[in-house]
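Position one of the sequence shown corresponds to residue 453 (this note's numbering), numbered consecutively onward. First up is the structure itself, then whatever we jot down about it.
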Amino acid sequence: MPPATTRSKTEPRQSRPARVAEEIKDWVVEQGLQPGDRLPGEAELMARYSMAKGTIREAMRILEAQGLIKTRTGPGGGSFVHEVSRGRAKALLGNYFYFKDLTVGDIYQLRRALEPELAASLAGTLPEDVLVALEENIAQYSEPATTLDEEREQHVASLQFHAILAEQSGNSLLSFVIDFMVKLLADLTVYRKLYEPINRELWEKGRDYQVRLVMALRAGDKGAARAVMNAHMDTAWRLMRGQEVKMMKRFIDE
């Protein structure tokens, strides 16, 4: 008799409504439905999936909670395919990472791999209004912070510079991943107080790299854009790692 096998971790078995919700999503894809298209009514769904009314209603509630359908009541009402917004997608994915104990290093490992190539791909392609928006963003931290509140606000504002760049990518996956990392780092900086103590070098070097990057982007110099962003990521990672170490020391001391 073969030895019994065990699994250290198994995926939880899906409930019946959850399985139906997945089948409805598959059907939407197969049919090529687009945001705004109406889904079949409750009676038709009950017949299609041979499920009771309660199961269908719970499956639809699951899809609505995921942001994939929108239900309207009244004349012309019903359930409609809904496109998940970027903000909602980031929030849902952020919930997954909430208990993963991410470090600054985890985030910068990806940033260092992706953002220099994004910068190179955008060099010479950005319209003037986007370049001006980047310069206006930099202007928000034109002077070093003098209080911790200002330091926190400047950290978040300087990360918004990278979110603006991410929005310009023609690759929607790359754009989302970089934007999501920016949000993760901003959240991590705030709730772990990585803006303490005030770090003049982080402000000075970060701002200088961003100014130089805008110049390279405007000039269409792909090599310079890649090199500046590489240096920016390496320096930011080194200095933010120092802030993280100081935070851990404060935690231990307390």
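Backbone N, C-alpha and C define an ideal beta-carbon position, used for all residues, glycine too. Bear in mind the structure is a predicted one, so any value in this text is a computation, not a measurement.
Cα-Cα separation, residue i to residue j
| i | j | result |
| --- | --- | --- |
| Glu567 | Val582 | 17 Å |
| Met670 | Arg538 | What sits at residue 670 in the sequence shown is Arg, not Met. So the alpha carbons of these two residues sit roughly 27 Å apart. |
| Lys645 | Ala495 | 53 Å |
| Leu691 | Thr577 | 31 Å |
| Ser460 | Gln466 | Only weak support is given to the placement of Ser460: the predicted model assigns it a pLDDT of 44, under 50, and the question is left unresolved by the model. |
| Phe613 | Glu475 | 40 Å |
| Met633 | Gly493 | 39 Å |
| Glu605 | Lys505 | 50 Å |
| Val697 | Asn651 | 13 Å |
Contact set for residue i: own chain, Cβ-Cβ below 7 Å, skip 5 residues either direction
| i | result |
| --- | --- |
| Glu587 | Val666 |
| Pro469 | Thr507, Glu510, Ala511 and Ile514 |
Three-state secondary structure assigned by DSSP to residue i
| i | result |
| --- | --- |
| Arg538 | helix |
| Thr687 | helix |
| Ser531 | strand |
| Ile735 | For the chain, the structure presents residues 453 to 706; residue 735 sits outside this window and is missing. |
| Thr525 | coil |
| Arg490 | strand |
| Tyr550 | coil |
| Lys645 | coil |
| Asp478 | helix |
| Gly506 | helix |
| Leu544 | helix |
| Arg465 | coil |
| Gly675 | helix |
| Leu497 | helix |
| Gly694 | helix |
| Gly557 | helix |
Other residues of its chain near residue i: CB distance less than 8 Å, five sequence neighbours each side excluded
| i | result |
| --- | --- |
| Pro454 | The predicted model places Pro454 with a pLDDT of 44, which falls under 50 and marks its position as unreliable; any figure quoted below should be read in that light. Closer than 8 Å at the Cβ level, and outside the excluded window around Pro454, lies no residue. |
| Leu574 | Leu617, Gln620, Ser621, Leu669 and Ala677 |
Residues near residue i by beta carbon distance below 6 Å, same chain, minus five either side
| i | result |
| --- | --- |
| Leu554 | none |
| Val608 | Ala638 |
CB contact below 7 Å: residue i versus chain D
| i | result |
| --- | --- |
| Ala677 | Judged by its chain identifiers, the structure shown contains no chain D, having just a single protein chain. |
Only counting runs of 3 or more residues, tell me where the beta strand (DSSP E) segments fall wholly within the region 573 to 640, in order along the chain.
none
For the 8 Å Cβ check, are there 3 or more pairs between the region 647 to 665 and the region 677 to 689?
Three or more Cβ pairs closer than 8 Å define a contact, and the region 647 to 665 meets that threshold against the region 677 to 689.
Quick check: the region 635 to 645 against the region 548 to 563, are there 3 or more CB pairs under 8 Å?
yes
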